[in-house]
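Residue numbers (our numbering): 44 to 320. All C-beta atoms, glycine included, are put in the ideal place defined by N, C-alpha and C.
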């Protein structure tokens, strides 16, 4: 059991049971659900649906990270997400994550009630975001990306290279290890073979010594073998979730909470039996 310490005096215990992070894209152009939840009312309705289905965290994002997506201004990102974060945090029990690489957006989001900062650039685009996390006491998700840089040929070696640099930034800012979770960044400048190799060797990442979060939901790697329909994409996502749970992942960032919840309950039971035996 690992206790992940978060902002506002909250924490989350990571251990025998899989934890689900529900994706809430408050955007018009996200690859899976762009435009469905780009108004506060529909976003809150979707968030509460995911909480009812078992999401431990709601991850709120205001800028699409799909390949080729247009950038939005910090002001636009903030205008999309802050009302939703404020409303969710007023519920009291909901743990809220903000999906952003911008330091000022992260600062405002935590002030609005967010507990976790989820940075898809691993603190390396706006390093000051690490100081925001340190000053606010926010939990931190540090994600690996291959975008905008030369990668090493070996997928695991590149994970260690990038993530160890991110961890240096975090530690230099004064962030304790018990506030950090790592994400290997499936599909972020990784082709199909790289994603499969990363999945096959996922257990090697446990040597980094941090809880691991994964986000394969409805991405190309989760759907290219099963078709592009919503049903097919969710089937592929469930398959990757179960595989990665058995290899040591703890937190699963997903669109469809219910179907992943049920599949991961089975994987948790298998892991428990392996531990006992």
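The alpha helix (DSSP H) runs lying completely inside the segment 240-314 and spanning 4 residues or more are 263-266, 273-289, given in chain order.
For residue 93, there is no enclosing beta strand (DSSP E); the enclosing alpha helix (DSSP H) covers residues 83-95.
About 15 Å separates the beta carbons of residue 285 and residue 301, which is beyond the 8 Å limit, so they are not a contact pair. Put simply, of 235, 158, 149, 145 the residue whose alpha carbon is nearest the alpha carbon of residue 137 is 158.
The C-beta separation of residue 174 from residue 228 comes to about 22 Å, leaving the pair out of contact by the 8 Å criterion. The beta carbon of residue 168 sits closer than 7 Å to those of 144, all from its chain and outside the five residues before and after it, given in chain order.
In the three-state reduction of the DSSP assignment, residue 148 falls in the helix class, which pools H, G and I.
In summary, residue 88 is exposed, with fewer than 16 beta-carbon neighbours lying within 10 Å of its beta-carbon over all protein chains present. The C-alpha of residue 134 is placed about 10 Å away from the C-alpha of residue 156. Residue 104 is bridged by DSSP to 68, 142.
About 14 Å separates the Cβ atoms of residue 184 and residue 221, ruling out a contact at the 8 Å cut-off. Beta-bridge analysis with DSSP links residue 185 to 162, 225. Counting along the chain, residue 45 sits inside the beta strand (DSSP E) bounded by residues 45-48.
Less than 8 Å separates the beta-carbon of residue 101 from that of residue 139. Within 10 angstroms of the beta-carbon of residue 235 lie fewer than 16 other beta-carbons, which makes it exposed.
Boundaries of the beta strand (DSSP E) harbouring residue 54: 54-57, taken from the DSSP string.
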